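What follows is one structure encoded as structure tokens, with my remarks underneath.
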Amino acid sequence: DRVVAGVEVECEIGSHVDGSDAEGAAAASCSGPPPQGEFVPRLARMRRCLRAVGLEHVLTREQDGWLARRSWEEVLGLEEQQKLCLARVLYHEPAFCLLDEATSAVPISTEGALHRKLQEWGVTPVALSRRPFLLDFYQRELRLGLSTEESSNSWQLLEAN
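Anchor point for the sequence shown: position 124 equals 806 in my numbering, and the numbering is continuous, going up by one each time.
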């Protein structure tokens, strides 16, 4: 468990939603494991999430649609896997999410739109990225591992814009 800004959240170190589950139905791949007590995935919500990240075409591409059982890590390309991860984030509506190079396989032309989409849906993304243009989508930049003549701090918090 961790406390962030007065809100306690449960977090397993090393846990993540990576889109590479073992063989499973498309619906389960989009939503991830259902919350305790919820057994029927909300298909309309899932469709909105897939549409938001540009993956709705996967439902029509697969012959069985929502019920298609596939080894998704073999069926989806890396870009689609990353988009599926973001669709899961949208589906579960967390207050924030940690993104570690989560859109690195997505073309630059659409990468910023995905980060903006998270914000539009009320998710605060905390992103690790090597792409400087993403700073345009954030208010602050945390630089880690810095040591300068003026400061021995190992980090700096800067205004992004």
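Beta carbons are placed, not taken as given, at the ideal position from N, Cα and C, and that holds for glycine. If you're wondering where the values come from, they're calculated on a predicted model, not measured in any experiment.
Inter-residue Cα distance where the pair is residue i and residue j
{"i": "D703", "j": "E841", "result": "Confidence is the limiting factor: at D703 the pLDDT is only 43, short of 50, which leaves the residue's position unreliable, though a coordinate-based value still follows. Roughly 37 angstroms between the two C-alpha positions."}
{"i": "F778", "j": "V805", "result": "5 angstroms"}
{"i": "A795", "j": "R724", "result": "24 angstroms"}
{"i": "E793", "j": "R733", "result": "15 angstroms"}
{"i": "E744", "j": "E762", "result": "14 angstroms"}
{"i": "L826", "j": "A750", "result": "43 angstroms"}
{"i": "Y773", "j": "Y820", "result": "22 angstroms"}
{"i": "A784", "j": "E831", "result": "33 angstroms"}
{"i": "W803", "j": "R770", "result": "12 angstroms"}
Reduced DSSP secondary structure (H/G/I, E/B, other) of residue i
{"i": "P789", "result": "coil"}
{"i": "P776", "result": "coil"}
{"i": "D703", "result": "The predicted model places D703 with a pLDDT of 43, which falls under 50 and marks its position as unreliable; any figure quoted below should be read in that light. Three-state result, D703: coil."}
{"i": "V740", "result": "helix"}
{"i": "A809", "result": "strand"}
{"i": "E783", "result": "coil"}
{"i": "R752", "result": "strand"}
{"i": "E762", "result": "helix"}
{"i": "G804", "result": "coil"}
{"i": "R727", "result": "helix"}
{"i": "D746", "result": "coil"}
{"i": "V735", "result": "coil"}
{"i": "S769", "result": "One detail in the question is off: residue 769 reads as Ala in this sequence, not Ser. Note: A769 maps to helix in three-state DSSP."}
Cβ pair residue i, residue j closer than 8 angstroms
{"i": "K765", "j": "G736", "result": "yes"}
{"i": "L817", "j": "D782", "result": "no"}
{"i": "L741", "j": "L768", "result": "no"}
{"i": "H797", "j": "P789", "result": "no"}
{"i": "R752", "j": "E738", "result": "no"}
{"i": "A787", "j": "L760", "result": "yes"}
Residues bridged to residue i [DSSP beta-bridge criterion]
{"i": "W837", "result": "L826"}
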